[in-house]
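Working notes, structure below.
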Amino acid sequence: MPKLQISPNLQINRRKFLTSASLGLSGIMLSGCDAFDSQLGVGDGLRSFLEGANGLTWRAQRLLAGSDALAPEFTEADIRQAQRPNGVTAPDDDVYKGLLANDFADWRLEVSGLVEKPLSLSREQLQNMPSRTQITRLDCVEGWSCIAKWTGTPLSLVLDQAVVKPQARYVMFHCLDTIDRSLSGDIKYYGSIDLIDARHPQTILAYGLNGKPLPVENGAPLRVRVERQLGYKMPKYLTKIELVDGFATVGGGRGGYWEDNGYDWYGGI
Numbered sequence: 261m262p263k264l265q266i267s268p269n270l271q272i273n274r275r276k277f278l279t280s281a282s283l284g285l286s287g288i289m290l291s292g293c294d295a296f297d298s299q300l301g302v303g304d305g306l307r308s309f310l311e312g313a314n315g316l317t318w319r320a321q322r323l324l325a326g327s328d329a330l331a332p333e334f335t336e337a338d339i340r341q342a343q344r345p346n347g348v349t350a351p352d353d354d355v356y357k358g359l360l361a362n363d364f365a366d367w368r369l370e371v372s373g374l375v376e377k378p379l380s381l382s383r384e385q386l387q388n389m390p391s392r393t394q395i396t397r398l399d400c401v402e403g404w405s406c407i408a409k410w411t412g413t414p415l416s417l418v419l420d421q422a423v424v425k426p427q428a429r430y431v432m433f434h435c436l437d438t439i440d441r442s443l444s445g446d447i448k449y450y451g452s453i454d455l456i457d458a459r460h461p462q463t464i465l466a467y468g469l470n471g472k473p474l475p476v477e478n479g480a481p482l483r484v485r486v487e488r489q490l491g492y493k494m495p496k497y498l499t500k501i502e503l504v505d506g507f508a509t510v511g512g513g514r515g516g517y518w519e520d521n522g523y524d525w526y527g528g529i
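Dropping the structure here:
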């Protein structure tokens, strides 16, 4: 049987295809659902259809990329600019401001939920664990990208230390930045990934950027890097990791702040 020949451009083409697919679905969700809700009265059906399409995209990405495939990594010569910040860049939160004033000496990363050994880790404890440095590209849903060097603790090491229970399926990230203010109270940013991506070798809890401590505008003291997904899947200002078996009790039940507002849950590239 002839051996299958794979083009060296497959990784790039696949990345463009998957990014376009994710952005296309997210765009439909954001721009189309409200119109259908208000004008045609079929919003629930449309949302169910699009959620099914998102699930299909997730499965297709898993099939094309595999669970262990690495995102492209670059060299220091490819770093052309400082890492562009996005979203909240200076949390307007008294708790965060207090932690920042003390250079995050009192900050802790809580690990809870479906684990045998809940954790409370300081930044120093994380930095003393084995680290990984990778030069990767952040692709934002807004259409821009930026290459930078990230250093941090592999998330898998933290999960191993906490001993994840068998029924856990997802990692929920809870953050210190207020993403939305309403009469019912401030909404802190939250997001999630599944355990396959959580244990991927390039998924790290980053405390360093381009050889220096992670700046406030980029998520200090700790942010998530999930290199095979879009930027909104990489929460900043991290304060708590929660192992869960579903999303029903968090926000709108779709797994993340932006997902509750119409974005694709997987957000893969």
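The numbering used here applies: residue 261 is where the sequence shown begins, and numbers increase by one.
Glycine included, C-beta positions come from ideal geometry on N, C-alpha and C.
Predicted model only: the values in this text are computed from it and were never measured.
A residue is called buried once 16 or more other Cβ atoms fall within 10 Å of its Cβ, and E487 is buried on that count. Excluding sequence positions up to five before and after K377, its CB lies within less than 8 Å of the CB of Q421, A422 and V423, all in the same chain and listed in chain order. Contact between the segment 497-515 and the segment 360-377 is present: three or more C-beta pairs spanning the two stretches fall below 8 Å. Sequence-distant Cβ neighbours of F334 in its own chain, meaning closer than 6 Å and more than five residues away, are I395 and I407.
In summary, I456 is exposed, with fewer than 16 beta-carbon neighbours lying within 10 Å of its beta-carbon over all protein chains present. In this structure, the beta-carbon distance from L498 to F433 falls below 8 Å. The Cβ atoms of A466 and R485 lie closer than 8 Å to each other.
Per DSSP, reduced to three states, the secondary structure at D446 is strand. Here the alpha carbon of G479 sits roughly 19 Å from the alpha carbon of V418.
The beta carbon of A350 sits closer than 8 Å to the beta carbons of V476 and E477 from its chain, once the five residues preceding and following it are set aside; these are given in chain order.
Judged by DSSP in its simplified three-state form, L503 adopts strand. In the DSSP assignment, T438 forms a beta bridge with K448. Separation of the CB atoms of L369 and L381 is rounded to 5 Å, and the pair is thereby assigned contact status at 8 Å.
Inside the segment 447-523, DSSP marks whole alpha helix (DSSP H) runs of 4 or more residues at positions 455-458 and 517-520, from first to last along the chain. Pairing Q343 with D524, the inter-Cα distance amounts to about 24 Å. Here the alpha carbons of D353 and R429 stand approximately 31 Å from one another. A straight line joining the alpha-carbon of N470 with that of K409 spans about 5 Å. For L381, the three-state secondary structure derived from DSSP is strand.
Note on Q341: under 16 other CB atoms within 10 angstroms of its CB, so exposed under the neighbour-count rule.
Apart from sequence neighbours up to five positions away, the residues of its chain that approach Y450 with a beta-carbon distance below 8 Å are M432, F433, H434, C435, P495, V510, G511, G516 and Y517, ordered along the chain. Sequence-distant Cβ neighbours of S391 in its own chain, meaning closer than 7 Å and more than five residues away, are T411, G412 and T413.
The continuous stretches of beta strand (DSSP E) do not include G358, which lies in the alpha helix (DSSP H) extending over residues D354 to A361. The three-state reading of DSSP puts V418 in helix, counting H, G and I together. Here the C-alpha atom of S452 lies approximately 10 Å from the C-alpha atom of E519. Residue state for A408 is assigned as strand, using DSSP reduced to three classes. For L330, no beta strand (DSSP E) encloses it, and the DSSP letter there is neither H nor E.
DSSP, reduced to helix, strand and coil, places L386 within a helical segment of the structure shown.
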